[in-house]
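Anchor point for the sequence shown: position 204 equals 233 in the working numbering, and the numbering is continuous, going up by one each time.
Virtual Cβ for every residue (Gly too), placed ideally from N, Cα, C.
A quick note: this is a predicted structure, and the numbers were derived from the prediction, not measured.
Notes follow once the structure below has been shown.
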Amino acid sequence: LATSTCHRFKDGRFYGWEGVGCCPGTCGHVWHYAQAVARLFPELERDLRERVDFGLALQPDGAIHFRGEFNNFPAIDAQAGAILRALREHQMTTDRAFLKKNWPGIKRATQWLIQQDADGDGLIEGQQHNTLDADWFGPVAWLSGLYLAALAAAAAMADEMGETGFAQQCRALGARGQKNITEQLFDGEYYINQPDPKHLNTVNSGTGCEIDQVMGQSWAWQVGLPRVFPEKETVAALRSLWKYNFTPDVGLYRQVNKPGRWYAIPGEAGLLMCTFPRSDWDFTKASGNQPGQPGVAGYFNECMTGFEYQVAGHMIGEGLVLEGLAITRAVHDRYSPLRRNPYNEIECGDHYARAMASYGVYLAACGFEYHGPNGHIGFAPRLTPTNFKAAFTAAEGWGTFAVQDAEYKIQVRWGKLRLKTIALATAKKPHRVQVTLGHNDWPARFEHGEGKLRICLEREAEMAAPQELRITTA
C-alpha cells in the first residue's frame, strides 16, 4: 500500500496495479485475495466497489469487467470475489447505507453469475476466465466453490435488504451446488475438475491437486458465512495440499518440472500451485496438450505468496495450525533480508497486491468476526487460546482483544466501537458471565453452542478510546 503499486487519483479514486507498473485496472481476480486493505483502510475498498465494480465496470447484463475501463470481459473468480467483497465492505461500516446504495449492482452481478450456471445445478461448466490467465471449461472445484460462497454472501445481503425471495433462490442454488460439488468433484482425497472433452486444448488442472480448490470456504470464513464445503472433505483437501504440494526444497521438483518462473529457488520451501498425483492427468494435459509451449500452464510449477497465504489462513481456520504456520514461515524465510527484500513479495511485478492475502492469515489466527451494522464482534484464537492478545480493526476504530484464562478484554485504543453482541470461543458452557464496561456492570444474556459463547448486551455499548469491556466467566 505504501509503494507505487497503489495510487489515489485527484477525484479520490483508489487504483492499484497488480504489481508496480504491471497489469492495470485494480484487477479483480488478483485483488480479491488481498484481505489487508479492507480491514486497515475500509474506505478504499468501499470506493472500489462503489466507483468501479458496481459503477463503471458493471455492464447492463450484470457482468463486471475485472480491470475496470482497461478490459472488456468478466472473470468468474473476480465476479464472485466482488460479491464477497461487497459483504465484507458492508460489514466494515456502521450502518446499511453502503449496502442500500450498492445493492442493485450487487444483485445484478449475482444474477449474471447465476446465469453462468446454465443447468441450475450449482456448478459452472462453461467458459470460465480466471486469475491463471486462461479460459477453463467444465466443472472446476475452485471456481464453482467461489460461486457457492458468492451465493451465500448474496443471500446474507438479501436478508438484510428484505428480499427474502432472492435470498431463498441463492440458498437453494447453493444447497444444490454444495451437494454436487462434493459428489462430482471430490475424489476421496481432494477436489478436482472435470475438463470439458470439447476443450482439451485449453489449460486445466484436471485431476491435479490445485492450490485454490477449496478457496470458496476460505473466503466464507473471512466474512462469517456458514460452510459451503463440508468440513471432512475440506480438511482432507487441505491435508492433500500439504501432502502433495508443500516441499521443503522446491529445487528437486523443478529439476523435473521446468516450465514456470522461479519465485522459490533450490533450497527454499514453498507450496506449489498444482501437482499431479493421479496417473490420468499430467502437466502435458494440463497445458492443453502443448508441452512445448506451456504458456500460463507454467504457473502450476510456481510458488506464489498470495496463493500460499490463502491456503495457510484456511488451514489455520480449519485447525491445521502447524501446517498453516509452516507455509507462512516458508514465505517469510524466502523473503528473509539475507535473500530478498522482505517488503517486496513478487509475482507479476514488484510489491504484488495478492501478497496482501497475508492479512487473512492473521485474521484466521485470531478467529476474528465482525459486523459493524449489527454491532457484532467475535474472536476464536487458534494460537494459545487461553493466553492470547492481538489487535483488531473495526469500522470506526481499532483496539486490542486479550484473553487470560476465563477473563476476556476488549479495549478501544483509537476511535469508537459499537457493540450489541460478542462471540467467544470456549469449549465449555459457563455457569455465569459478568460483563463490565469501565467501572460499570453491563447487563447481558448469554448462550452456548457449537463451541461458542454468545453474549447479547441488553443495552448497546458505545465505546470510545481508551475504554475497556471485560467479560469474566465462571
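(request) With DSSP as the reference, please indicate the residues paired to valine 462 in a beta bridge. (result) Thr502
(message) If you measure between the beta carbons of leucine 177 and glycine 245, is that distance less than 8 Å?
(response) yes
(message) Checking 8 Å against the spacing of the C-beta atoms, do glutamine 242 and alanine 181 come in under that value?
(response) no
(request) Out of Ala265, Arg369, Ala31, Phe99, state which residue places its alpha-carbon closest to the alpha-carbon of leucine 69. (result) Ala31
(request) Evaluate the contact criterion for the region 88-98 versus the region 421-441: three or more CB pairs, one atom per stretch, below 8 Å. (result) no
(message) Give the list of continuous alpha helix (DSSP H) stretches no shorter than 4 residues that lie fully inside the region 222-260.
(response) 244-251
(request) May I ask whether a heavy atom of the ligand ADP can be found less than 7 Å away from the beta carbon of alanine 382? (result) The ligand ADP is not part of this structure, which contains no ligands at all.
(request) Look up valine 66 in the DSSP assignment and give the residues it is bridged to. (result) Looking at the DSSP assignment, valine 66 forms no beta bridge with any residue, so it has no partner.
(message) Just to confirm before moving on: does the CB-CB distance between glutamine 440 and glutamate 497 stay below 8 Å?
(response) yes
(message) Strictly by DSSP, which residues pair up with glutamine 197?
(response) Note: glutamine 197 sits in no beta bridge, so no partner.
(request) Compute the distance between the beta-carbons of phenylalanine 127 and arginine 75, then report whether it is under 8 Å. (result) yes
(request) Can you give me the Cβ contacts of valine 279 inside the same chain, cut-off strictly under 8 Å, excluding the 5 residues immediately before and after it? (result) Here the set comprises Ala293, Ile294, Pro295, Glu297, Ala298, Gly299, Leu301, Cys332.
(message) Rounded to whole angstroms, what is the Cα-Cα separation between arginine 442 and glycine 467?
(response) 14 Å
(message) Quick check: threonine 450 and isoleucine 500, are their CB atoms within less than 8 Å of each other?
(response) no
(request) With a 10 Å radius around its C-beta and 16 neighbouring C-beta atoms as the bar for buried, classify glutamate 347 as buried or exposed. (result) Buried is the call here.
(request) Note down the Cα distance separating arginine 474 from threonine 502, rounded to an integer number of angstroms. (result) 12 Å
(request) Would you give the residue range spanned by the alpha helix (DSSP H) that alanine 359 belongs to? (result) 350-363
(message) Does the region 101-118 come into contact with the region 274-288, if we say contact requires no fewer than three beta-carbon pairs (one atom in each stretch) closer than 8 Å?
(response) no
(message) Mapping the DSSP letters down to three states, classify leucine 486 as helix, strand or coil.
(response) strand
(message) Can you look up asparagine 131 in the DSSP assignment and give me helix, strand or coil?
(response) helix
(message) Quick test of your reading: serine 234 and phenylalanine 83, contact by CB under 8 Å. State the CB separation rounded to the nearest angstrom.
(response) Not a contact, Cβ separation roughly 31 Å.
(request) Taking all protein chains shown into account, decide if threonine 415 is buried (16 or more other Cβ within 10 angstroms of its Cβ) or exposed. (result) exposed
(message) Please report the straight-line C-alpha distance between threonine 263 and leucine 367, rounded to a whole angstrom.
(response) 36 Å
(request) Taking 8 Å as the threshold, find out whether the region 151-159 comes into contact with the region 108-124 through three or more Cβ pairs. (result) no
(message) Is it the case that the region 270-278 contacts the region 345-361, given that we only count it when at least three CB pairs across the two stretches are under 8 Å?
(response) Three or more Cβ pairs drawn from the region 345-361 and the region 270-278 lie within less than 8 Å of each other, which places the two stretches in contact.
(request) Specify the secondary structure class of leucine 453 as computed by DSSP and reduced to three states. (result) strand
(request) Would you mind stating whether isoleucine 112 and alanine 185 have Cβ atoms separated by less than 8 Å? (result) no
(message) I need the boundaries of the beta strand (DSSP E) containing histidine 477, first residue and last residue.
(response) 473-478
(message) Could you give the first and the last residue of the continuous beta strand (DSSP E) run that contains arginine 369?
(response) Element bounds for arginine 369: n/a, residue is neither H nor E.
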